[in-house]
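Let me begin by presenting the structure, written as structure tokens, before commenting on it.
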Amino acid sequence: MITYQTETTLSAQEFKELLINSTLGERRPVDDFARIEAMVKNANLIITARDNGKLVGVARSVTDVVYCTYLSDLAVDLDYQKQGIGKELIRLTKQATLQATTILLAAPKVVDYYPHIGMTKHSACFLLTDETDLK
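Per numbering that gives the first Met the number 0, numbering of the sequence shown is gapless, rising by one per residue and ending at 134.
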């Protein structure tokens, strides 16, 4: 049975292992444990899915609770995908921040999943990874 909860003390090691087991690790700094620790520490909304204590899903967000929630990591262990866990993690994230708009950047492999579950695609997203790129 999958249980869901908001966690304030998620282990960075558990988070790293889930990222790897979900393939999200391909796009996250799993080889830089200090960054993984900071990602967990600095998130202010973490909702998890566990199967008898084993971490099988996580929604990690940064939010002001009333205007925007950036759901920066949505990861579900490959062995647990296609069971509705990701959708439930999104629902619980939204439920925790009802007034805020939930914002998520889709991984390339799952870009078609989010409209399928009712999220609206937005075409005006911009990224800046290096401040020297500003003109």
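All C-beta atoms in this analysis are idealised placements derived from N, C-alpha and C, irrespective of residue type, glycine included.
Only residues of its own chain outside the window of five on either side were considered, and among them V61, T62 have a CB closer than 7 Å to the CB of N43, listed in chain order.
Taken atom to atom, the span from the alpha-carbon of V57 to that of F14 is near 8 Å. The alpha-carbon separation between D78 and S21 amounts to approximately 8 Å. Just measuring C-alpha positions, the residue of V29, A106, F125, K53 sitting nearest S71 is A106.
When DSSP reads this structure, I46 sits in a beta bridge with T5, A58. Annotation for V39: the continuous alpha helix (DSSP H) segment containing it runs 32-41.
The C-beta of I116 has fewer than 16 other C-beta atoms within 10 Å across all chains shown, which makes the residue exposed. Only residues of its own chain outside the window of five on either side were considered, and among them V61 have a CB closer than 8 Å to the CB of N41, listed in chain order. Around A48, the same chain offers I1, T2, Y3, L54, V55, G56, V57, V75, Y79, I84, E87, L88 as residues with beta carbons nearer than 8 Å, after the five sequence neighbours per side are excluded. For Y112, the uninterrupted alpha helix (DSSP H) segment begins and ends at 112-115.
Bounds of any alpha helix (DSSP H) do not take in A105, whose DSSP letter is neither H nor E.
Note: L73 is bridge-paired with A58 in the DSSP secondary-structure output.
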